[in-house]
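Since the structure comes first, as structure tokens, the remarks are kept for the end.
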Amino acid sequence: MLKLYNTLTGKKEEFVPVTPGRMNMYACGVTVYDYSHLGHARGAVAFDVIQRYFRRRGYQVTYVRNFTDVDDKIINRAKEEGISAAEVARKYIDAYQEDMKRLGVGRPDDEPLATEHIKEMIDVIRRLVEKGHAYTVDGDVYFRVASFKDYGKLSKRNLEDMKAGARVEVDERKEDPLDFALWKASKPGEPAWDSPWGPGRPGWHIECTAMGFKHLGETFDIHAGGKDLIFPHHENEIAQSEASSGRKFVNYWLHNGFVNINEEKMSKSLGNFFTIRDILDKYDAEIVRLFLLSTHYRSPIDFSDANLKDARAGLDRFYTMKEGIRNFLAGKKAPAVKPEEVVESADRPLYEKILNLPGAFEEAMDDDFNTALAIGLIYDLVRDVNKFIAELPVKNEQGAYIILSAAHESFDNVSRTLGIFLREPEEWFQEARLGEHKITLSVEQIEEYIHLRNNARAEKNWAEADRIRKVLDDAGVTLFDRPGGTVWKPK
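With the sequence shown counted from 1, adding 84 to any position gets you the working numbering.
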């Protein structure tokens, strides 16, 4: 039974889809005025795995993640850079897509732009005005918060308390300080569209309602985003959506936790603000993805060099195991025997554990997508399999083949859902790790040195072979001479 934590109810609930066999999910995307930061990466990776898991469970998934491409910040950036708001948006959409590709985040089924849905936004606003939930003032349109009796139900805020705590509004035209903009009258030099209330542009909150309605319907399964969006953005989405349609907007609200930097909140003012690109220039993308998934998506996560090194060490252990499995299985044929005939009694608990990994993985993921627990199960089995590989010389070869081929299949099964552990070992140990070490040679130069050393060894020129090994060792490269040839790894 798949259960997920619903921010709306404050508890874990069994997932019951609007339409049997289908799962429709909307995630709030980025406002494209700058390069995206580590907090954006956290949500993108978490929700990527969640939609992958629904597909694994056999659901027909429609996953939508928008881009906000009209906003005050975009307009201000356009003025700073001397280009149009549309050019700013396109520049940073392209940059975001590059970042996501590097992190292994798949493209959603739909990636709507706010500016492509102005008509839909106007239609929703018009309906709200007609129903008395919105009012116009000098070309602006505001949502009348007091008209929606359930306002505050997502963030667990009381309307009267919010009014008492509201700051004095400069704009006296609003009926209530809590009322929020649905449509903003145009200003000189800013993007604008025609509307029944005059030229202008949409407010931020109405964008997601209109895009959600168009792509997923007036009621859909899951809405996801960062915890910072619970109020006011998602609270306002619920109010305007349900006031407009008269229906429940979303059944399950998922929110990911914040990213802290060395146990401090990430912020530009503290000087600890990192873009995704900053991080990927220093760490391999698989390390970052594993790090982000090693903590439950709802919990805060602490970004530090120590935690990234832990993730890297975990990948080292996994790919060492993967290399050991592949080297043993290479060139061998599957034995035409039953497992119980050749798997030694002492190894049967390990064999069962390997076969049960996909089921144990799903049990963890069924509990509110607990990737931290799932990865812990993987690491636990990796340790056992590495121990088994070290003991291969004294193992029954046919039984070992059955155990390690099953391990290969089970690990591949769960890795595809997480989007990690999918490389070939050489790629991990060489190219992926190369940039993290003080290695002055390129991959091509290292391979050329190995070629020259192989020639020297073939000619029994041991002094030259040893000299080349030392050159590589001094450059931070360790060589391993194996039956299939020489391989290398960063020290």
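C-beta: ideal position from N, C-alpha, C; glycine also.
These numbers come from a predicted model, not from an experiment.
Near residue i, what residues of its chain come up, given a Cβ to Cβ distance below 7 Å and the 5 sequence neighbours on each side ignored?
i	result
residue 190	132
residue 421	482
residue 407	509
residue 524	559
residue 305	101, 102, 107, 108, 109, 335 and 336
residue 562	572, 573 and 575
residue 96	87, 88, 89 and 452
Cutting at 6 Å between CB atoms, please list the residues of its own chain near residue i, excluding the five before and the five after it.
i	result
residue 379	385 and 456
residue 221	257
residue 63	No answer is possible for residue 63: it lies beyond the span of the chain, which begins at 85 and ends at 575.
residue 405	466, 469 and 470
residue 569	none
residue 492	409
Between residue i and residue j, how many whole angstroms is the CB-CB distance? I'm expecting something under 8 Å.
i	j	result
residue 401	residue 466	5 Å
residue 392	residue 371	6 Å
residue 108	residue 102	7 Å
residue 319	residue 235	7 Å
residue 152	residue 274	With a Cβ gap of about 15 Å, residue 152 and residue 274 do not count as contacting.
residue 309	residue 490	Actually they are not in contact, since the Cβ atoms of residue 309 and residue 490 sit about 39 Å apart, beyond 8 Å.
residue 512	residue 399	6 Å
residue 159	residue 169	5 Å
Drop a sphere of 10 angstroms on the beta-carbon of residue i, count the other beta-carbons inside from all chains shown, and report buried for 16 or more, exposed for fewer.
i	result
residue 463	exposed
residue 526	exposed
residue 532	exposed
residue 192	buried
residue 396	buried
residue 369	buried
residue 564	exposed
residue 417	exposed
residue 321	buried
residue 458	buried
residue 155	buried
residue 91	buried
residue 487	buried
residue 252	At residue 252 the pLDDT is 49, less than 50, meaning the model places this residue with poor confidence; the figure from the coordinates comes in the next sentence. Classification of residue 252: exposed, given that the 10 Å Cβ count is below 16.
residue 167	exposed
residue 150	buried
residue 265	buried
residue 201	buried
residue 535	exposed
residue 330	exposed
Assuming contact is defined by CB atoms lying nearer than 8 Å, are residue i and residue j in contact in what I supplied?
i	j	result
residue 225	residue 267	yes
residue 504	residue 374	yes
residue 129	residue 187	yes
residue 276	residue 284	yes
residue 263	residue 229	yes
residue 560	residue 575	yes
residue 346	residue 383	no
residue 117	residue 163	no
residue 381	residue 340	yes
residue 243	residue 377	no
residue 174	residue 280	no
residue 445	residue 478	no
residue 537	residue 549	yes
residue 143	residue 105	yes
residue 358	residue 506	no
residue 247	residue 261	yes
residue 215	residue 327	yes
residue 148	residue 196	yes
residue 180	residue 270	no
residue 474	residue 412	no
residue 472	residue 441	no
For the beta strand (DSSP E) containing residue i, name the first residue and the last one.
i	result
residue 340	334-340
residue 220	218-221
residue 307	304-310
residue 514	That residue, residue 514, is in no beta strand (DSSP E); it is neither H nor E in DSSP.
residue 564	561-566
residue 87	87-90
residue 284	284-286
residue 227	224-227
Starting from residue i, follow the alpha helix (DSSP H) in both directions and report where the run begins and ends.
i	result
residue 267	That residue, residue 267, is in no alpha helix (DSSP H); its beta strand (DSSP E) goes 264-269.
residue 467	455-474
residue 207	202-214
residue 406	389-413
residue 133	122-140
residue 240	Unbroken run through residue 240: none, as it is neither H nor E.
residue 146	Residue 146 -> not in any alpha helix (DSSP H); beta strand (DSSP E) instead, spanning 144-149.
residue 433	432-450
residue 106	First-last for residue 106: 106-111, but that is the beta strand (DSSP E), not the alpha helix (DSSP H).
By Cβ distance below 8 Å, which residues in the same chain neighbour residue i in space, the five residues on each side in sequence not counted?
i	result
residue 204	294, 295, 297 and 298
Against chain D, does residue i count as a neighbour if the rule is that its beta carbon must be under 8 Å from one of theirs?
i	result
residue 569	Looking at the structure shown, chain D is missing, and only one protein chain is on hand.
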